[in-house]
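Contents: one structure, followed by commentary.
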Amino acid sequence: MPETGSIDFKHHSPADVSARPKIGLALSGAVMRGPVHIGVLKMLATAKIPVDVVAGASAGSIVGALFCAGLSADDLARIAPSISWRAIARPVFPRRGFLSFARLESWLINLMGGDLHFADLQLPFAVSATDLERGESATITTGRVAPAVHGSSAVPGIVVPVEHAGYLLGDGGVSYNLPVAAARRLGADVVIGVDLFVPTIRRPWGPLRFGFAAIETMVRRSGGGVDQADVLISPPELAGMSYIRTGAKQAERLIAIGEIAARRALPQIEAVLAAD
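Note that the sequence shown covers residues 28 to 303 in our numbering.
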């Protein structure tokens, strides 16, 4: 275990939350940067810091759903190289989007071991999506998990939106990219936020570099979650990295970044837990 502090929860089972603060994770979206969340989960497991509830948007909802369904951080690390555009997307006639993420639902159902409902999950879980018709954030905690995650991952204008639970759902990053409040509503006393948007001015891009950095900033700050977390993990190593690259080497690199960032945050996490 890393040398971090004096708090050790290894004597408490996940269900034994009365003797400690209830810990929640808020996992942001960031397209294919999602394996960073797996690295954070791996380090929290190594440090014997339990996770009691999870809320996720977009890529964070994918990792969160699988974790809450019972897959360990090590299981997720083994799966990460298989996350590819071919596995989750297919091109469609551009009436409502250029891509369909319907394959994402089948992929999730297979990995979760069934078409699970939120009530079937081993940990309380919330999906942050955007209601495109009402123009507001939608937090989903009931019904089927896979279509909620599908909707939370559907980037408006690119991916076909999802009709589910009375909403027309688009990407959660539009309205609430780091759903800290959702984790608190699930009962978390302390929320660790994992933010994968690091605004960067990419100088080779010419004038577009300012526009793209502005988009990164808008998504990062949507919903205000980066200011609401008790501990914010935002790996600086992500600055300038691709949002769309996949593959085994990329997944391995992103997982390592998550582990390193979580290790740096352990003293702060332990201090917050000790003070709660």
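In this text, a Cβ means the ideal position worked out from N, Cα and C, and glycines have one as well.
Model, not experiment: these values are computed from the prediction.
Give the straight-line distance between the Cα atoms of residue i and residue j, rounded to the nearest whole angstrom.
{"i": "Ile296", "j": "Pro118", "result": "42 Å"}
{"i": "Ile219", "j": "Gly184", "result": "31 Å"}
{"i": "Leu131", "j": "Val246", "result": "22 Å"}
{"i": "Gln255", "j": "Gly51", "result": "13 Å"}
{"i": "Ser202", "j": "Thr166", "result": "11 Å"}
{"i": "Leu293", "j": "Phe120", "result": "47 Å"}
{"i": "Val299", "j": "Asp257", "result": "7 Å"}
{"i": "Ala46", "j": "Arg123", "result": "50 Å"}
{"i": "Arg248", "j": "Gly97", "result": "30 Å"}
{"i": "Ile115", "j": "Lys49", "result": "33 Å"}
{"i": "Asp102", "j": "Cys95", "result": "12 Å"}
{"i": "Ala129", "j": "Arg113", "result": "11 Å"}
{"i": "Gly164", "j": "Asp147", "result": "What sits at residue 164 in the sequence shown is Ser, not Gly. Cα to Cα, the separation comes out at about 24 Å."}
{"i": "Arg272", "j": "Gly61", "result": "11 Å"}
{"i": "Val67", "j": "Ala240", "result": "25 Å"}
{"i": "Ala209", "j": "Lys276", "result": "33 Å"}
{"i": "Ile226", "j": "Asn204", "result": "The amino acid at residue 226 is misidentified as Ile; the sequence shows Pro. Whole-angstrom Cα-Cα distance: 14 Å."}
Closer than 8 Å by C-beta to residue i: which residues in its own chain qualify, once you throw out the five before and the five after it? Chain order, please.
{"i": "Gly274", "result": "Pro108 and Ser111"}
{"i": "Gly170", "result": "His144, Phe145, His191 and Ala192"}
{"i": "Val63", "result": "Ala57, Val221, Leu223, Pro262, Leu265, Leu281, Ile282, Ile284, Gly285 and Ala288"}
{"i": "Arg230", "result": "Arg236"}
{"i": "Leu126", "result": "Ala116, Arg117, Pro118, Val119, Ile185, Val186 and Val187"}
Return helix, strand or coil for residue i, following the three-state DSSP convention.
{"i": "Arg161", "result": "coil"}
{"i": "Leu54", "result": "strand"}
{"i": "Arg123", "result": "coil"}
{"i": "Arg47", "result": "coil"}
{"i": "Phe152", "result": "strand"}
{"i": "Gly267", "result": "coil"}
{"i": "Leu103", "result": "helix"}
{"i": "Leu98", "result": "coil"}
{"i": "Thr168", "result": "coil"}
{"i": "Leu213", "result": "coil"}
{"i": "Ile228", "result": "coil"}
{"i": "Ile76", "result": "coil"}
{"i": "Leu195", "result": "strand"}
{"i": "Val182", "result": "coil"}
{"i": "Gly66", "result": "helix"}
{"i": "Leu93", "result": "helix"}
{"i": "Arg113", "result": "helix"}
Here's the rule: buried if 16 or more other CB atoms are within 10 angstroms of the residue's CB, otherwise exposed. What is residue i?
{"i": "His144", "result": "exposed"}
{"i": "Asp303", "result": "exposed"}
{"i": "Leu196", "result": "buried"}
{"i": "Ser99", "result": "exposed"}
{"i": "Leu235", "result": "exposed"}
{"i": "Gly285", "result": "buried"}
{"i": "Gln149", "result": "exposed"}
{"i": "Arg211", "result": "buried"}
{"i": "Gly200", "result": "buried"}
{"i": "Gly250", "result": "buried"}
{"i": "Gly140", "result": "exposed"}
For residue i, which residues from the same chain have a beta carbon less than 6 Å from its beta carbon, with the 5 sequence-adjacent residues on both sides left out?
{"i": "Gly162", "result": "none"}
{"i": "Pro151", "result": "Val80 and Leu213"}
{"i": "Ala72", "result": "Ala100"}
{"i": "Ser88", "result": "Val154, Val176 and Ser179"}
{"i": "Gly83", "result": "Leu54 and Gly91"}
{"i": "Tyr194", "result": "Asp158 and Ala165"}
{"i": "Thr168", "result": "Phe145 and Ala153"}
Going by C-alpha to C-alpha distance, which of the options sits closest to residue i?
{"i": "Gly18", "options": "Asp79, Lys75 and Val63", "result": "Nothing about residue 18 can be reported from this structure: the residues present for the chain run from 28 to 303 only."}
{"i": "Trp134", "options": "Asp147, Pro121 and Ile106", "result": "Ile106"}
{"i": "Glu243", "options": "Gln255, Val258 and Ser269", "result": "Ser269"}
{"i": "Val221", "options": "Tyr194, Gly252 and Val201", "result": "Gly252"}
{"i": "Ala186", "options": "Arg171, Arg230, Val63 and Leu159", "result": "A quick correction: the sequence has Val, not Ala, at residue 186. The option with the nearest alpha carbon to Val186 is Leu159."}
{"i": "Glu264", "options": "Ala289, Val258 and Arg248", "result": "Ala289"}
{"i": "Trp232", "options": "Pro206, Gly267, Pro262 and Ser249", "result": "Gly267"}
{"i": "Glu279", "options": "Leu259, Ser164 and Met59", "result": "Met59"}
{"i": "Val217", "options": "Ala96, Ala301, Ser127 and Phe94", "result": "Ala301"}
{"i": "Leu259", "options": "Lys276, Pro206 and Gln277", "result": "Pro206"}
Less than 7 Å between C-beta atoms, sequence neighbours within five positions excluded: which residues of the same chain meet that for residue i?
{"i": "Phe237", "result": "Ile228"}
{"i": "Ala104", "result": "Ile65, Lys69 and Ile282"}
{"i": "Asp198", "result": "Gly56, Ser85, Thr157, Ser179, Ser180, Ala181, Val182 and Pro183"}
{"i": "Ile136", "result": "Asp142 and Ala173"}
{"i": "Val189", "result": "Pro174, His177, Gly178, Ala181 and Leu196"}
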